[in-house]
Amino acid sequence: MKTLPYRIETGTGDTFDVEFPLHEETGEPVRVGQLVSQLLATIDRDLALFSDTSNGDVLQAVAMVLATRAGMVHANNDTTARLATQLLSTALTAVSEAPRKVPQTGNA
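First residue of the sequence shown? That's 960 in our numbering, and the numbers climb one at a time after it.
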């Protein structure tokens, strides 16, 4: 299975090096990575303006966007819902399995 290596750097300085498994019918892995970067950058810019937004609200909005995009596909709703669920589950597992590097702080 092909993977998309992707480095995530959080606002608090944590780093994840994720190997996202790609669906067998992925057309352009580089474009997938570019879209991920653009979506995360857009969310980060918005959160910089509205810092009181909760993580739960962000996750809810992202879930709604995924559902909306799945609904926009000209295919059977059950098929697109199943695909979206499968892709989300695979991505969540990849992130949860990625090692988290936390920056050193303090003067030890």
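Note that CB positions come from ideal geometry on N, CA and C, so glycine has one too.
Rounded to whole angstroms, what is the Cα-Cα separation between GLU968 and ALA1000?
For the purposes of this step, residue 968 is taken as the residue at position 9 of the sequence shown. For the purposes of this step, residue 1000 is taken as the residue at position 41 of the sequence shown. Using only the alpha carbons, I get a separation of about 11 Å.
ask   = Is it buried or exposed for PHE1009, if we count other Cβ within 10 angstroms and need 16 for buried?
value = On the sequence shown, residue 1009 is found 50 positions in, with the first residue counted as 1. Answer is exposed; the Cβ neighbour count stays below 16.
Cβ neighbours of LEU1025 in the same chain (closer than 6 Å, five flanking residues each side left out): Against the sequence shown, residue 1025 aligns to sequence position 66. Cβ within range, chain order: ALA1043.
Next item on the list: Would you grab the beta carbon distance between GLY972 and PRO1058 for me? Rounded to a whole angstrom, and I think it's under 8 Å.
Entry: As a working mapping, residue 972 is identified with position 13 in the sequence shown. As a working mapping, residue 1058 is identified with position 99 in the sequence shown. Not a contact, Cβ separation roughly 15 Å.
Go through its chain and collect everything with a Cβ distance to LYS1060's Cβ below 6 Å, but skip five positions before and after it. Translated into positions along the sequence shown, residue 1060 becomes position 101. Within the same chain, LYS1060 has close Cβ partners THR974.
For ARG966, which residues in the same chain have their Cβ closer than 8 Å to its Cβ, ignoring the five residues on either side in sequence? Indexing the sequence shown from 1 puts residue 966 at position 7. Only THR974, PHE975, ASP976, VAL977 meet the Cβ criterion.
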